[in-house]
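Novice:
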Amino acid sequence: MSPAVHDVVVVGAGPAGLCLAGELGRRGIDVVILERRGDAEPGTRAIGVHPPALAALEPSGATERILAAAARIPRGIARSSGRTIGEVRFDRIGSRFPFVAAVPQAVTEAALEATAPPPDRGSEVRGIAEVPGGAVLRVRASGCGARDTEMRARIVVVAAGASGRSLVLPRLGLHARDYTDRYLMTDLPHAPGQPEGTAVVTLDAAGVLESFPLPRGGRRLVAWDGAGGGRDAGTGAHRAERLRRAVAGRSGDAALAELVGTATAFGIRRSLLRRMRRGRLLAIGDAAHEVSPIGGQGMNLGLLDAATLAPALARWLRRDEGDSEAERELARWERDRLASARAAARLAGLNTALGRPRSPRAHAALCAAIGAAARGPGARLAARAYTMGFDRGAGRGGRCAR
Ligand SMILES: Cc1cc2nc3c(=O)[nH]c(=O)nc-3n(C[C@H](O)[C@H](O)[C@H](O)COP(=O)(O)OP(=O)(O)OC[C@H]3O[C@@H](n4cnc5c(N)ncnc54)[C@H](O)[C@@H]3O)c2cc1C
């Protein structure tokens with residue numbers, strides 16, 4: 042007996058895959074999610090959920106769950122040498138959600154999972170072959186030794202993150218660039234004395250220090266650490282000591298520095314697929330575009346990929362013969378998402394450049410330029426850019442009331 046053909050198989054139960062499966066399920070589409078991990082990823086990566094993503098997730102109920110656990114960030118400030126040199130107000134951009142919601146990524150994923158069909162965990166997709174009318178996936182279930190089984194679908198969406206991108210290569214093409222910048226990061230459970238609801242970016246001639254609110258008075262600290270990429274980051278104790286020194290030296294806040302007990306290191310990459318669709322094979326999320334976390338937009342890009350893809354895909358799957366608009370809608374989706382990913386990658390590249398060390402003279406000039414821009418219309422533009430107000434999915438898959 043030949044296996045059942047699902048309408049859609051989503052590969053990967055990260056935020057992008059869970060969001061897409063939930064949105065398709067709500068529209069009555071038969072969708073299955075395959076996830077190679079046995080359990081949900083516990084680590085905290087993305088903490089910022091931006092207004093367009095909050096709007097897009099609202100109809101499913103995920104936004105309510107996220108907001109119940111989130112710290113709200115209505116403003117951000119840039120500081121240097123103990124002085125505030127600029128401010129951006131996310132609460133003045135006319136969005137329905139006038140703040141960035143900060144929650145650990147695991148909370149966002151749990152909120153999405155509550156509205157999606159349960160993922161088939163422990164199922165690794167090892168290959169995808171396109172066949173007339175759909176695709177055949179080769180799947181290895183954990184505990185089944187080296188035996189692969191086959192699954193068939195009319196559409197396959199790869200949402201398998203950067204590590205699963207190989208499933209769509211070379212079919213969708215890739216443009217990749219490695220950065221040498223390395224960062225240190227820690228999430229503090231408590232950080233008394235920090236400005237409430239305020240993201241603080243400290244520009245320093247030795248490199249940037251970022252400090253973001255977390256739920257229940259916590260704080261995420263990220264500091265530029267060197268130009269060795271993800272390599273040469275030293276032992277855990279060395280990393281924590283370097284982060285303590287960076288916090289104390291750049292912010293002048295010795296008490297905050299003393300709270301740092303551990304630190305992780307990460308490097309950054311920029312990888313953009315040239316296409317996000319070929320026939321019945323699509324890629325979304327980090328599988329399609331990996332941008333530096335120093336813009337804090339990677340997960341949000343994936344959520345907007347998913348939220349805007351679901352209605353277009355549902356229409357395409359149900360199209361009558363001769364409904365060429367369904368095909369055009371998918372083509373528009375691809376164009377818009379590629380453009381949004383390129384814009385996010387450019388912003389992340391700018392942030393990365395602003396956060397590098399520089400000579401005291403160049404640093405003074407940069408601070409003066411930022412101060413001048415923040416006093417004019419630049420502050421409003423920056424607030425929109427940093428909350429993804431220019432993403433082409435803002436106001437479509439999830440409408441941002443303006
Ligand atoms: C330190 C750090 C901080 C960050 N901060 C932010 C932030 O503040 N804001 C933000 O927007 N983004 C941030 N990001 C980026 C964000 O974490 C990613 O963009 C996001 O996780 C991508 O989601 P995804 O669903 O596309 O992929 P992933 O989260 O990588 O999920 C992919 C899933 O697919 C599964 N998978 C992989 N291969 C297979 C296979 N062959 N078969 C079956 N399953 C498979 C994986 O196990 C995984 O569960 C940060 C990243 C880092 C590293």
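Quick note: the sequence shown uses my numbering, first residue 42, plus one each step.
Think of the CB as a built atom: it goes at the ideal place given N, C-alpha and C, for glycine as much as any other residue.
Count the other C-beta atoms from every protein chain shown that fall within 10 angstroms of the C-beta of V197, then say buried if there are 16 or more, exposed otherwise.
Specialist: Its Cβ being crowded by 16 or more others within 10 Å, V197 is buried.
Novice: Where does G135 land, buried or exposed, given buried means 16+ other C-beta within 10 angstroms?
Specialist: exposed
Novice: May I ask whether a heavy atom of ligand 1 can be found less than 7 Å away from the beta carbon of S252?
Specialist: no
Novice: Is it right to say R315 is buried, meaning 16 or more other beta carbons lie within 10 angstroms of its own, or is it exposed?
Specialist: exposed
Novice: Can we say the segment 278-286 touches the segment 179-191, given the rule of at least three CB pairs closer than 8 Å?
Specialist: no
Novice: Mind the definition here: the segment 379-388 touches the segment 85-100 only if three or more C-beta pairs lie below 8 Å; say whether that holds.
Specialist: no
Novice: Just reading off the beta strand (DSSP E) that T243 is part of, what are its end residues?
Specialist: T239 to T243
Novice: Going by the C-beta, is N392 closer than 7 Å to any heavy atom of ligand 1?
Specialist: no
Novice: Assuming G248 contacts A264 under a Cβ cut-off of 8 Å, what Cβ separation, rounded to an integer in Å, is found between them?
Specialist: 7 Å
Novice: From R443 to G430, what distance separates their C-alpha atoms?
Specialist: Only weak support is given to the placement of R443: the predicted model assigns it a pLDDT of 34, under 50, and the question is left unresolved by the model.
Novice: Examine ligand 1 and report whether any of its heavy atoms sits within less than 7 Å of the Cβ of S204.
Specialist: yes
Novice: If we call anything under 8 Å between Cβ atoms a contact, is L345 one with A176?
Specialist: For L345 and A176, no; Cβs fall outside 8 Å.
Novice: Compute every distance between the C-beta of E165 and the non-hydrogen atoms of ligand 1, then say whether any falls below 7 Å.
Specialist: Checking every heavy atom of ligand 1 against the Cβ of E165, one is found closer than 7 Å.
Novice: Using only the alpha-carbon positions, how far apart do R116 and T221 sit?
Specialist: 30 Å
Novice: Could you tell me whether the segment 207-216 touches the segment 310-330, where touching means 3 or more Cβ pairs closer than 8 Å?
Specialist: Between the segment 207-216 and the segment 310-330, the count of Cβ pairs shorter than 8 Å is three or higher; the stretches touch.
Novice: Let's see if you can read the secondary structure: which residues bound the alpha helix (DSSP H) around V288?
Specialist: Per DSSP, the continuous alpha helix (DSSP H) segment holding V288 begins and ends at G277 to S292.
Novice: Return the bridge partner residues of G196 from the DSSP annotation.
Specialist: Here the sequence assigns Ile to residue 196, which means Gly is not the residue at that position. According to DSSP, I196 bridges with V49.
Novice: Would you be able to state if there are at least three C-beta pairs under 8 Å between the segment 74-90 and the segment 153-162?
Specialist: yes
Novice: Is A415 helix, strand or coil by DSSP?
Specialist: Here A415 sits in helix by DSSP.
Novice: Please tell me whether, using a cut-off of 7 Å, the distance from the CB of Q338 to the nearest non-hydrogen atom of ligand 1 is below it.
Specialist: yes
Novice: Note the first and the last residue of the continuous beta strand (DSSP E) segment covering D228.
Specialist: L215 to L229
Novice: Keeping to the same chain, check which residues put their C-beta closer than 8 Å to that of G434; ignore five residues upstream and five downstream.
Specialist: P93, A97, L345, D346, A348, T349, D377, R378 and S381
Novice: Alpha carbon to alpha carbon, what distance is there between V166 and L244?
Specialist: Distance between the alpha carbons of L244 and V166 is about 44 Å.
Novice: With 16 as the cutoff for other CB atoms within 10 Å, does R369 come out buried or exposed?
Specialist: Classification for R369: exposed.
Novice: Between R318, A45 and L395, which has its C-alpha nearest A410's C-alpha?
Specialist: It is L395 whose Cα lies nearest to the Cα of A410.
Novice: Entirely within the segment 313-351 and at least 3 residues each: give me those beta strand (DSSP E) ranges in chain order.
Specialist: 322-324
Novice: Rounded C-beta distance between I114 and A87? I'm assuming under 8 Å.
Specialist: Between the beta-carbon of I114 and that of A87 there is about 14 Å, and that puts the pair past the 8 Å contact cut.
Novice: P56: buried (16+ other C-beta within 10 angstroms of its C-beta) or exposed?
Specialist: buried
Novice: With DSSP as the reference, label V144 as helix, strand or coil.
Specialist: Looking at V144 - three-state DSSP - the assignment turns out to be coil, as it is neither helix nor strand.
Novice: Note down the Cα distance separating A287 from A403, rounded to an integer number of angstroms.
Specialist: 20 Å
Novice: Since I447 contacts A54 with CB under 8 Å, what's their CB separation in whole angstroms?
Specialist: What is shown of the chain runs 42 to 443, which leaves residue 447 out entirely.
Novice: How would you call R437, buried or exposed, if buried means at least 16 neighbouring beta carbons within 10 angstroms?
Specialist: Residue confidence for R437 is low, a pLDDT of 45 falling below 50, so the modelled location carries little weight and cannot support an answer.
Novice: Sort D432, V49, A111 and T149 by Cα distance to P254 and report the nearest one.
Specialist: A111
Novice: When you compare the CB positions of A420 and E128, do they come within less than 8 Å of one another, or not?
Specialist: yes
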